[in-house]
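**Student:** Here it is: the structure, laid out below.
2 protein chains.
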Amino acid sequence: MTVFEHRGKLLIVDCGVLFPEDQQPGVDLILPDFRYIEDRMDDVEAVILTHGHEDHIGALPFLLRLRADIPVIGAKFTLALVAAKCREHRLRPNLVEVVEGNTTTHGPFDCEYFAVNHSIPDALAIAIRTDAGVVLHTGDIKLDQLPLDGRLTDLAGFSRLGDEGVDLFLVDSTNAEVPGFVTPEREIGGVLDNVIGKAKQRVIVASFASHVHRIQQVVDVAARYNRRIVFVGRSMVRNMQIAQDLGYLTVPDGLVVDIDTAATLPDDRLVLISTGSQGEPLAALSRMARGEHRQINIRANDLVVLASSLIPGNENSVFAVVNGLAKRGATVVTQQSAKVHVSGHASAGELLYLYNAVRPTNAMPVHGEWRHLRANAALAKATGVPEERIVLAEDGVVVDMVDGLAEIVGRVPVGHVYVDGLSVGDVGEPTLSDRLVLGEGGFIAITIVINESTGRAVSTPEVSGRGFSDDPTALKAAADLVESDLARLASEGVIDAHRIAQSVRRVVGRWVADKYRRRPMIIPTVIAVP
Amino acid sequence: MTVFEHRGKLLIVDCGVLFPEDQQPGVDLILPDFRYIEDRMDDVEAVILTHGHEDHIGALPFLLRLRADIPVIGAKFTLALVAAKCREHRLRPNLVEVVEGNTTTHGPFDCEYFAVNHSIPDALAIAIRTDAGVVLHTGDIKLDQLPLDGRLTDLAGFSRLGDEGVDLFLVDSTNAEVPGFVTPEREIGGVLDNVIGKAKQRVIVASFASHVHRIQQVVDVAARYNRRIVFVGRSMVRNMQIAQDLGYLTVPDGLVVDIDTAATLPDDRLVLISTGSQGEPLAALSRMARGEHRQINIRANDLVVLASSLIPGNENSVFAVVNGLAKRGATVVTQQSAKVHVSGHASAGELLYLYNAVRPTNAMPVHGEWRHLRANAALAKATGVPEERIVLAEDGVVVDMVDGLAEIVGRVPVGHVYVDGLSVGDVGEPTLSDRLVLGEGGFIAITIVINESTGRAVSTPEVSGRGFSDDPTALKAAADLVESDLARLASEGVIDAHRIAQSVRRVVGRWVADKYRRRPMIIPTVIAVP
């Protein structure tokens with residue numbers, strides 16, 4: 101999410117989510133931190149969405165909770181996905197559809213839209229003109245020169261804007277470290293034709309549920325070899341219906357069958373198109389791999405094609421799925437063994453084309469980790485952008501553009517806002533850090549009831565653990581230590597519950613470190629009764 | 101770890117550890133399950149070690165705890181690493197050094213050793229002859245035809261053994277899915293020469309501390325460009341000392357300096373060779389990336405080379421290190437951007453050479469996940485091993501060889517044995533499953549003190565949580581619900597502590613599911629006092 105501010109008004113570009121990593125256990129989604137804008141929602145002129153991927157639209161419902169009627173600008177397919185998402189959140193957004201070539205005005209911001217090629221239909225780049233200068237934001241972009249839908253990234257338009265003069269250029273950095281050029285999407289069609297055409301058995305293809313062009317190619321191959329298709333998985337079924345309704349996906353009549361009809365067809369007459377290409381544990385493919393899918397049993401000789409990337413961090417889950425499928429006898433084709441995936445983000449070679457078309461005064465690599473931003477900055481520099489005009493900024497950094505010079509001028513407080521279940525923001529670093537400790541070592545709880553006037557225990561202290569040891573007698577020694585510590589404290593006349601708690605925590609902590617060299621959380625509870 | 105059994109006697113090949121995955125939180129190491137042999141330790145004739153990697157020798161000290169005087173057979177470098185490991189465990193193993201071409205006899209097992217090329221010096225394959233037939237076990241293997249030390253995998257020896265007749269062939273499967281051939285190790289030398297030779301700044305190379313040949317190449321390049329070297333990280337320092345002492349690593353006099361001397365030298369006169377190539381949080385490179393290394397501060401323009409693989413599952417940690425280094429201004433070269441790593445395991449093309457040399461009656465792919473075993477089986481089949489003579493077996497499976505036919509005849513109980521801190525085996529699935537629940541959602545503890553004869557609470561129930569929410573008032577509503585539930589139970593005359601605990605657990609569980617849609621562990625403690 102990027103906020104542009106001019107003359108007291110705000111324009112927001114994209115509003116996506118992050119997915120949690122290992123250090124964020126139990127978190128479902130990560131939202132942008134709205135703190136800087138939440139008291140200024142009336143100043144927001146519009147939200148512009150570059151495309152419909154979750155990392156660009158996923159947090160929109162949470163923004164709309166702050167103000168429901170913000171104009172939401174985007175292309176047709178993007179808005180269709182937003183509408184479906186908002187229905188789940190019981191929101192009715194104020195959607196404004198645009199198409200490449202359109203211009204819109206939002207307060208002091210004049211916007212122009214450019215066609216962009218990416219791994220989802222209808223992606224846009226956005227030029228924002230104000231009296232402070234011209235900004236061009238690519239969104240997610242690549243430069244497939246033979247795109248399946250013929251909708252090229254509008255390099256000519258970027259050149260025209262470059263002639264006019266672009267003051268600040270925000271550029272996708274995802275693949276800036278990768279040399280060369282992304283293979284055209286349509287070459288995957290030939291590979292799929294070869295893989296599926298030769299198959300004698302059932303074929304299951306897993307891909308992203310938003311990758312309409314990839315799925316179009318699977319559909320085309322299925323039709324060519326007289327196989328019916330079944331869409332499997334909630335988001336796949338939903339998105340492919342939207343894509344068909346809006347004309348982004350073309351499926352011959354009668355080709356799609358439901359899963360029950362599929363069960364009556366011979367294996368070599370079927371292609372299942374499924375979610376779960378990232379090993380998501382609840383997605384259809386993972387359930388098949390574990391033998392837990394209600395309707396689909398993986399059988400010997402099934403051919404499974406993962407026509408998808410392997411997003412870093414998902415390796416373990418994906419390999420678990422591949423192993424599960426292999427154990428059930430399926431043959432699994434991945435991008436390692438055949439060219440069944442290409443990236444949606446421009447490689448270094450394409451980024452050079454972009455810089456040379458736009459010839460920006462200032463460049464600001466976006467959309468990537470620090471190393472990607474840095475690699476992208478090197479490309480900007482190689483095309484002639486002076487090093488001091490290249491802005492490398494993290495989340496929360498404020499970049500000011502004055503007299504054609506962009507520079508970092510400050511920082512607003514931003515953090516990760518976590519969604520866990522139904523609530524937003526009540527899980528933060530203290531809770532996550534407790535979860536990490538508990539997840540590594542479990543806990544030992546010590547419960548002591550004392551007489552409030554004498555401080556003496558009125559029952560045997562309870563020492564119990566979870567996530568600590570399978571051995572039921574493991575804590576016996578700790579309980580004995582607690583009892584003698586309590587006797588000592590009582591003999592010294594200590595009646596303060598807090599002091600007693602501190603003392604037994606220390607005793608048990610030392611014991612567990614010496615005996616086990618482990619660090620469970622130690623939780624004393626001292627209750628004083630009359 | 102593989103156990104061969106004949107005429108009541110046991111021969112063990114390798115005794116390694118696994119490293120824990122996400123689903124095994126808090127676990128330090130995973131040992132083989134010794135249950136099948138632990139009551140028969142006197143029948144063990146010997147342990148033979150194919151090479152010195154942790155996944156082949158790491159569990160040996162735990163096996164020697166069961167019987168300290170088992171003969172441990174291996175090549176010189178392997179045994180040097182074993183000896184160092186055993187010293188840390190205060191064990192004095194009974195080591196028997198062999199060299200390729202040697203034969204040894206252990207009860208009914210006649211063993212012969214063959215030179216094998218891998219990513220550590222001195223790897224061996226082992227032929228085991230008994231009156232039941234001949235078994236050949238490759239250990240970890242590749243077929244570099246121009247190895248740095250000139251020590252080729254003994255394909256000629258394998259062919260001779262094949263002429264004699266190999267009944268069962270156990271073959272490394274790690275790279276069976278990868279087509280073609282592994283690039284020779286020495287080609288990395290040229291790449292390192294180019295990368296380090298052109299560098300104007302300090303260079304830090306991270307690699308495996310056991311990969312002597314990789315480090316030899318770094319040393320050679322450093323010497324060529326008049327740079328001193330510093331070994332950084334405990335295992336790097338230890339192993340390189342061993343390698344130099346035994347003649348596996350050749351370092352010109354005076355080239356190695358210590359870290360304090362290094363601090364006095366110009367940046368372009370230095371190469372640091374460090375551990376931490378897998379992003380291990382406590383290793384030297386990770387500490388540098390976080391700015392926590394006591395002696396080494398990463399500076400702008402430092403060049404860091406990760407001359408190592410990226411082991412699946414370590415991506416997040418490695419990328420975090422790369423990002424940390426990049427943020428501090430270092431340039432990071434990885435195998436993605438330059439050919440600074442080759443695998444230690446034979447690709448499919450090399451495996452075909454092995455099968456064709458050995459021509460085994462029965463083949464048994466080992467060392468890999470199921471999908472790798474399966475890919476290796478396909479290669480065996482392609483070279484003419486009949487499908488019914490290819491054994492695909494998991495841990496614990498018993499393979500019997502009778503009359504030249506190997507087949508699966510049963511299964512012995514095996515599981516993962518976890519080491520957590522000082523203790524072995526007391527952390528098992530119940531504890532891990534508790535850790536996973538606690539790590540995802542934390543816990544809510546409810547502590548209630550009742551009068552043992554009336555069942556009435558004698559103080560306000562305590563409801564507290566850890567890892568649940570940052571909001572200190574989050575559990576107030578739950579405490580109210582517990583109070584009213586206790587009142588209801590008391591009015592119904594319930595005095596049984598267990599029933600009271602069950603009831604409040606249900607009440608709080610329902611509340612947290614409705615209000616938060618989360619699943620913390622809910623832990624009621626009811627203490628009855630007089």
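Respectively, the protein sequence lines represent chains A and B.
Everything in the first sequence is counted per my numbering, starting at 101 for the first residue and increasing by one.
Everything in the second sequence is counted per my numbering, starting at 101 for the first residue and increasing by one.
Glycine residues also receive a C-beta, built at the ideal position from the N, C-alpha and C atoms.
(1) Within 8 Å of any Cβ in chain B, is that where the Cβ of Arg-471 of chain A sits?
(2) Please report whether the beta-carbon of Phe-568 of chain A lies at a distance below 8 Å from any beta-carbon of chain B.
(3) Taking only the alpha-carbon atoms, compute the straight-line gap between His-467 of chain B and Gln-435 of chain B and give it to the nearest angstrom.
(4) List the residues that DSSP assigns as beta-bridge partners of Leu-236 of chain A.
(5) Going along chain B in order, which residues have a C-beta closer than 7 Å to the C-beta of Ser-523 of chain A?
(6) Measuring only the C-alpha atoms, how far is Ile-548 of chain B from Asp-580 of chain B?
(7) Tell me the rounded alpha-carbon separation between Leu-191 of chain B and Val-147 of chain B.
(8) How many whole angstroms separate the CB atoms of Ala-225 of chain B and Thr-238 of chain B, which I take to be in contact at a CB cut-off of 8 Å?
(9) Taking 6 Å as the limit between beta carbons, can you name the residues of its chain near Asn-551 of chain B, skipping five residues before and five after?
(10) Below 8 Å on the Cβ atoms is my guess for Val-594 of chain A versus Val-563 of chain A; work out the distance and round it to an integer in Å.
(11) In the structure shown, what three-state DSSP assignment does Val-498 of chain A receive?
(12) Does the CB of Ala-299 of chain B have a neighbour CB from chain A at under 8 Å?
(13) Using only alpha-carbon positions, find the residue among B:Cys-211, B:Leu-166 and B:Gly-152 that is nearest to Asp-183 of chain B.
(14) Nearest to Val-519 of chain A by CA position, among A:Leu-149, A:Val-295, A:Ala-180 and A:Gly-528, is which residue?
(15) What does Ile-623 of chain B touch in chain A if you count any residue whose Cβ is under 8 Å from its own?
(16) Out of A:Ser-219, A:Ile-627 and A:Arg-605, state which residue places its alpha-carbon closest to the alpha-carbon of Asp-585 of chain A.
(17) Taking only beta-carbon positions, decide if Arg-474 of chain A is within less than 8 Å of chain B.
(18) Should Gly-555 of chain B and Leu-589 of chain B be called a contact, given that it needs their Cβ atoms to be closer than 8 Å?
(19) If I follow the unbroken beta strand (DSSP E) through Lys-109 of chain A, where does it start and stop?
(20) Determine the direct distance from the alpha carbon of Leu-131 of chain A to that of Leu-406 of chain A, and round the result to whole angstroms.
(21) Measuring only between beta-carbons, confirm whether Lys-632 of chain A sits less than 8 Å from chain B.
(22) Taking Cβ-Cβ distances shorter than 9 Å, what residues in chain B pair up with Gln-435 of chain A?
(23) Apply the 10 Å Cβ neighbour rule to Thr-178 of chain B and answer buried if 16 or more other Cβ atoms are within range, or exposed otherwise.
(24) Which runs of the beta strand (DSSP E) fall wholly inside the stretch 301–325 of chain A and span at least 3 residues, in chain order?
(25) Are there three or more Cβ pairs, one per stretch, closer than 8 Å when the stretch 360–373 of chain A is compared with the stretch 298–316 of chain A?
(26) Classify Glu-41 of chain B: buried if its beta carbon has 16 or more other beta carbons within 10 angstroms, exposed otherwise.
(27) Who does Gly-565 of chain A pair with in a DSSP beta bridge?
(28) Below 6 Å CB to CB, which residues in the same chain sit around Glu-494 of chain B once its five sequence neighbours on both sides are set aside?
(29) Within 10 Å of its beta-carbon, does Asn-194 of chain A have 16 or more other beta-carbons around it, so buried, or fewer, so exposed?
(30) Going by beta carbon distance, what residues of the same chain come within less than 8 Å of Thr-283 of chain B, once the five residues before and after it are set aside?
(31) By a C-beta neighbour count over all protein chains shown, 10 Å radius and 16 as the cutoff for buried, is Leu-246 of chain A buried or exposed?
(32) Phe-419 of chain A versus chain B: which residues are under 9 Å apart at the beta carbon?
(33) For Asp-263 of chain B, verify whether its CB is less than 7 Å away from any heavy atom of the ligand SAM.
(34) Would you tell me roughly how many angstroms separate the C-alpha atoms of Asn-414 of chain B and Gly-413 of chain A, rounded to the nearest one?
(35) Given that Thr-531 of chain A touches chain B, what residues does it touch there, using C-beta distances under 7 Å?
(36) Report the three-state DSSP secondary structure of Lys-576 of chain B (helix, strand or coil).
**Tutor:** With the given structure in hand:
(1) Numbered from 1 along the first sequence, position 371 holds the residue referred to as residue 471 of chain A. Taking Cβ atoms only, chain B reaches closer than 8 Å to Arg-471 of chain A, which makes this a yes.
(2) The count along the first sequence starts at 1 and reaches residue 568 of chain A at position 468. Yes, contact with chain B.
(3) The sequence position of residue 467 of chain B within the second sequence is 367, counting from 1. The sequence position of residue 435 of chain B within the second sequence is 335, counting from 1. Rounded to the nearest angstrom, the two C-alpha atoms are 24 Å apart.
(4) Here the question's residue 236 of chain A lines up with position 136 in the first sequence. Answer is A:Ala-227 and A:Phe-269, bridged to Leu-236 of chain A.
(5) Residue mapping note: residue 523 of chain A aligns to position 423 of the first sequence, counting from 1. What Ser-523 of chain A touches in chain B: Tyr-616.
(6) Here the question's residue 548 of chain B lines up with position 448 in the second sequence. Here the question's residue 580 of chain B lines up with position 480 in the second sequence. Approximately 13 Å between the Cα atoms of the pair.
(7) Mapped onto the second sequence, residue 191 of chain B falls at position 91. Mapped onto the second sequence, residue 147 of chain B falls at position 47. The alpha-carbon atoms of Leu-191 of chain B and Val-147 of chain B are separated by roughly 15 Å.
(8) Translated into the one-based positions of the second sequence, residue 225 of chain B becomes position 125. Translated into the one-based positions of the second sequence, residue 238 of chain B becomes position 138. The pair is a contact, with the Cβ atoms about 5 Å apart (cut-off 8 Å).
(9) For the purposes of this step, residue 551 of chain B is taken as residue 451 along the second sequence, with counting starting at 1. Within the same chain, Asn-551 of chain B has close Cβ partners Val-558.
(10) Translated into the one-based positions of the first sequence, residue 594 of chain A becomes position 494. Translated into the one-based positions of the first sequence, residue 563 of chain A becomes position 463. No, Val-594 of chain A and Val-563 of chain A are not in contact; Cβ-Cβ is about 19 Å, not under 8 Å.
(11) For this step, residue 498 of chain A is matched to residue 398 along the first sequence. Strand at Val-498 of chain A.
(12) The residue given as residue 299 of chain B occupies position 199 in the second sequence. Taking Cβ atoms only, chain A never reaches closer than 8 Å to Ala-299 of chain B, which makes this a no.
(13) Residue 183 of chain B sits at position 83 when you count from the first residue of the second sequence. Note that residue 183 of chain B corresponds to Ala in the displayed sequence, not to Asp. It is B:Gly-152 whose Cα lies nearest to the Cα of Ala-183 of chain B.
(14) Residue 519 of chain A sits at position 419 when you count from the first residue of the first sequence. When only C-alpha atoms are compared, the closest one is A:Gly-528.
(15) Counting from one through the second sequence, the residue named residue 623 of chain B turns up at place 523. Going along chain A in sequence order, the residues near Ile-623 of chain B (Cβ under 8 Å) are Ala-545 and Arg-566.
(16) Locating residue 585 of chain A in the first sequence gives position 485, where the first residue counts as 1. Nearest C-alpha to Asp-585 of chain A: A:Arg-605.
(17) Taking the first residue of the first sequence as 1, we reach residue 474 of chain A at position 374. True, the Cβ-Cβ gap to chain B drops below 8 Å.
(18) Residue 555 of chain B sits at position 455 when you count from the first residue of the second sequence. Residue 589 of chain B sits at position 489 when you count from the first residue of the second sequence. It is a contact, given that the beta carbons lie within the stated cut-off.
(19) Numbered from its first residue, the first sequence carries residue 109 of chain A at position 9. That run of the beta strand (DSSP E) goes 109–113.
(20) Working through the first sequence from its first residue, we reach residue 406 of chain A at position 306. Working through the first sequence from its first residue, we reach residue 131 of chain A at position 31. Answer to the nearest angstrom: the Cα atoms are 29 Å apart.
(21) Because chain A here runs from 101 to 630, residue 632 of chain A falls outside it and cannot be looked at.
(22) Counting from one through the first sequence, the residue named residue 435 of chain A turns up at place 335. Going along chain B, no residue has its Cβ under 9 Å from Gln-435 of chain A, so there is no contact; the nearest lies around 12 Å.
(23) Along the second sequence, one-based indexing puts residue 178 of chain B at 78. Buried is the call here.
(24) 303–306
(25) yes
(26) In the structure as shown, chain B starts at 101 and stops at 630, and residue 41 of chain B therefore has no counterpart that could be examined.
(27) Against the first sequence, residue 565 of chain A aligns to sequence position 465. DSSP, once it has assigned bridges, lists A:Ile-544 as partnering Gly-565 of chain A.
(28) Translated into positions along the second sequence, residue 494 of chain B becomes position 394. For Glu-494 of chain B, where only same-chain residues beyond five positions count, there are no Cβ hits under 6 Å.
(29) Stepping through the first sequence from its first residue, residue 194 of chain A is reached at position 94. Counting Cβ neighbours within 10 Å, Asn-194 of chain A comes out exposed, since fewer than 16 surround it.
(30) Along the second sequence, read from residue 1 onward, the residue named residue 283 of chain B stands at position 183. Only Lys-439 and Val-442 meet the Cβ criterion.
(31) Here residue 246 of chain A refers to the residue found at position 146 when the first sequence is read from its first residue. Exposed is the call here.
(32) To locate residue 419 of chain A, count along the first sequence from 1; it is residue 319. Those within 9 Å of Phe-419 of chain A in chain B are Pro-412, Gly-413, Glu-469 and Arg-471.
(33) Although the ligand SAM was asked about, the structure shown includes no ligands whatsoever.
(34) Position 314 of the second sequence holds residue 414 of chain B. Position 313 of the first sequence holds residue 413 of chain A. Whole-angstrom Cα-Cα distance: 8 Å.
(35) Within the first sequence, residue 531 of chain A is the residue found at index 431, counting from 1. Simply Gly-542, Gly-567, Phe-568, Ser-569 and Asp-570.
(36) Along the second sequence, one-based indexing puts residue 576 of chain B at 476. Three-state result, Lys-576 of chain B: helix.
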